[in-house]
Amino acid sequence: MQHFAQISDPHLSSLEGVRARDLLSKRALGYLSWRQRRRFEHRPEVLAALGRDLEQFELDQVLVTGDLTHVGLPQEFRQALAWLRELGTPAEVAVIPGNHDASVATPWRDSFALWRDYMASDTASTLPDSLASLYPSLRERGDIAFIGLSTACPKPPFMATGTVGPEQLARLPALLDAAHARGAFRVVYIHHSPLPGKDKWRKRLTDAALVQDIIASHGAELVLNGHGHRGHYDELATVHGTAPVVAAPSASALGLHGGQVASYNCYGVERCDGGWQLAISARDYQPASGEFVAGESRGVTLLRAL
Ligand SMILES: [Fe+2]
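First residue of the sequence shown: 0, per numbering that gives the first Met the number 0; consecutive thereafter.
Written out as structure tokens, the structure reads:
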């Protein structure tokens, strides 16, 4: 059995020392949100406990599904890079960006260039200089093909939407088809939900219907997203059979103001008669003990003509 984990929406950076009046309008709004609420909700001690919890597992890959920062300042990209290095090497940890990471346009070299090795495909032939040149990403580990999509692009104030865009949409079908031809278990991971209507209008993926159509018509075995800070399990009918669509909550949240307490997911995949056996196991943070423990788990048989 192969194993991997999904960590989402850690919002791990600190804006201590930053002044709202020094920031552009959208960042100023994000700063105020951090000052008033988010810095109490997303806690470094929770992520430290998560790091300790992960050490017990033998994982083929750790997926980080976006929103590592609050407003995407260069200092936040540097803080996030330090955290990623604690989590593992670029070969072990795969990152996709979230809307917070692209809050406003920032010079490439001060922002996503720092995470480049963690976002890259196994075969990165040229030096990327944009998210569009990095995604969709492809990493293959044993029987599993991890296909990452970026939804991150600057949006107007008060909007937390995302867009995959025509360049990634044009390349995605061939990646799904080739991985299927190799008999791989295809994991598509994306920050926003690709299911239209799942995220609120202000937080939606603007081209979700197109993404969902491609996944449905070219197939996938598992779709993972974050963004909503709530765990969800859905299923999508695809040309090759049902694909679970799993949303992971924030990995760093204390659950203040009615939010969900931090959790992350571990997945186990193995071939079985007629397809694949998938195990989904949540690891939930316990504020009282300060540790992560086993949470809800489920097993899913995915029938596939292999
Ligand atoms: Fe998000």
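Glycine included, C-beta positions come from ideal geometry on N, C-alpha and C.
- Classified as buried, Pro135 has 16 or more neighbouring CB atoms from the shown chains inside 10 Å of its CB.
- In the structure shown, Phe184 adopts extended strand secondary structure according to DSSP, grouped into three states.
- Set against 7 angstroms, the gap from the CB of Ala27 to the closest heavy atom of ligand 1 is not smaller.
- The straight-line gap separating the alpha-carbon atoms of Asp52 and Ala79 is approximately 19 angstroms.
- Shortest gap from the CB of His99 to any heavy atom of ligand 1: under 7 angstroms.
- Nearest Cα to Tyr117 within the set Ala131, Leu130, Val94: Val94.
- Taking the Cβ atoms as the reference, Leu62 lies roughly 5 angstroms from Gln5, within the contact range of under 8 angstroms.
- For Thr64 against His190, the beta-carbon gap comes to about 6 angstroms, under 8 angstroms, which counts as contact.
- When the Cα atoms are used, Leu221 and Leu137 turn out to be separated by approximately 15 angstroms.
- For Leu301, the uninterrupted beta strand (DSSP E) segment begins and ends at 290 to 302.
- Gly230 sits close to Ala246, with the two beta carbons spaced by under 8 angstroms.
- Taking non-hydrogen atoms of ligand 1 into account, the C-beta of Ala247 is found less than 7 angstroms away from none of them.
- In the DSSP annotation of this structure, the continuous segment of the alpha helix (DSSP H) that includes His217 starts and ends at 207 to 217.
- If you check the C-beta of Ala159 against ligand 1, you find a heavy atom less than 7 angstroms away.
- Tyr263 carries a strand assignment under DSSP once its states are collapsed to helix, strand and coil.
- Inter-residue distance for Gln60 and Pro9 is about 17 angstroms (C-alpha atoms, whole angstroms).
- Taking all protein chains in view, the Cβ of Ser149 is crowded by 16 or more other Cβ atoms within 10 Å, so the residue is classified as buried.
- Burial of Val210 is indicated by the presence of at least 16 other C-beta atoms within 10 angstroms of its C-beta.
- Judged by pairs of C-beta atoms under 8 angstroms, the region 233 to 243 touches the region 290 to 302, as three or more such pairs exist.
- Between ligand 1 and Asp8, a heavy atom-to-CB distance of less than 7 angstroms is present.
- The bridge partners DSSP lists for Asp233 are Val244.
- The C-beta distance from Ala261 to Ala250 rounds to 5 angstroms, short enough to meet the 8 angstroms contact threshold.
- Among the bridge pairs identified by DSSP, Thr160 is matched with none.
- Arg138 sits in a strand when the DSSP states are folded into three classes.
- Membership of Trp275 in the beta strand (DSSP E) is indicated by the continuous run 274 to 285.
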